[in-house]
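Student: Sequential numbering from 646 applies to the sequence shown in the working numbering.
Could you have a look at this structure, given as structure tokens, before my questions?
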Amino acid sequence: MRETDTDEDEEFAEFAASRAPWLRRTAYLLSGDWHTADDLTQTAITSLYLHWPRVRRMENPDGYARTTLVNAFLAERRSPWRRVLLRFEKEPLSPVTDLDAILDLRQALAALPPRQRATVVLRYYCDLGVEQTAEALNCSLGTVKSQTARGLEALRRALELRHHHDRQQPLHPVTEGNRT
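Structure (structure tokens):
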């Protein structure tokens, strides 16, 4: 092995180790599942490694990593095997106000179509502008704007419905035997 190959591998290992937590969090927001997030992160890092000689010379290797991750997510969503996975209901968590709000947002985000979810995550979690998001998703500026608007409106509706439903539920149900 040439010395430059070793240097290149070490440089990649440092890059991957420093970006893996960020990629994993982004993948979780896209997929809504930590196991899928791990798979997406591994797919993105593998792709980065395969293309590292070219990626390391790029002006923005983080942008390439993010685009690779989003493309892996979108490809996974289109995959036919994804539709046959069994779904198990999750155990409800004990009520904690802040945690409930976080869970509500995650559920609403998970209900968005994949492109809308990717757009919202890139714009508001990764803090990308419209142009950067369009580049990451390989689409037009207008598509980013419309997908963002639709995604935010869907999130707003879902969270308002949840809030309205919660307000309709009595905090302390009164039973016939407990009235004084």
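Cβ coordinates follow ideal geometry from the N, Cα and C atoms, glycine included.
Being a predicted model, the structure only gives us computed values, none of them experimental.
Say whether the segment 788 to 801 touches the segment 688 to 697, bearing in mind that this needs 3 or more beta-carbon pairs closer than 8 Å, one atom from each stretch.
Tutor: Cβ pair count under 8 Å is below three, so no.
Student: Could you check the C-alpha separation between V789 and T764 for me, to the nearest Å?
Tutor: Answer to the nearest angstrom: the Cα atoms are 7 Å apart.
Student: Which runs of the alpha helix (DSSP H), 4 residues or longer, sit entirely within the segment 651 to 702?
Tutor: Complete alpha helix (DSSP H) runs here, min 4: 679 to 695, 697 to 700.
Student: Excluding the 5 residues preceding and the 5 following L754 in the sequence, name in chain order all residues of the same chain whose CB lies nearer than 8 Å to its CB.
Tutor: The answer, listed in chain order, is L674, G677, R762, V765, V766, L800.
Student: Can you tell me the Cα-Cα spacing of E659 and L806, whole angstroms?
Tutor: Each residue's alpha carbon lies about 45 Å from the other.
Student: Could you spell out where the alpha helix (DSSP H) holding V775 opens and where it closes?
Tutor: V775 -> alpha helix (DSSP H) spans 775 to 782.
Student: Within 10 angstroms of its Cβ, does S747 collect 16 or more other Cβ (buried), or is it exposed?
Tutor: Position check: residue 747 holds Ile in this sequence, whereas Ser was assumed. That one is exposed.
Student: Among Y770, Y709, R702, L714, whose alpha-carbon lies nearest the alpha-carbon of T686?
Tutor: Per the Cα distances, L714.
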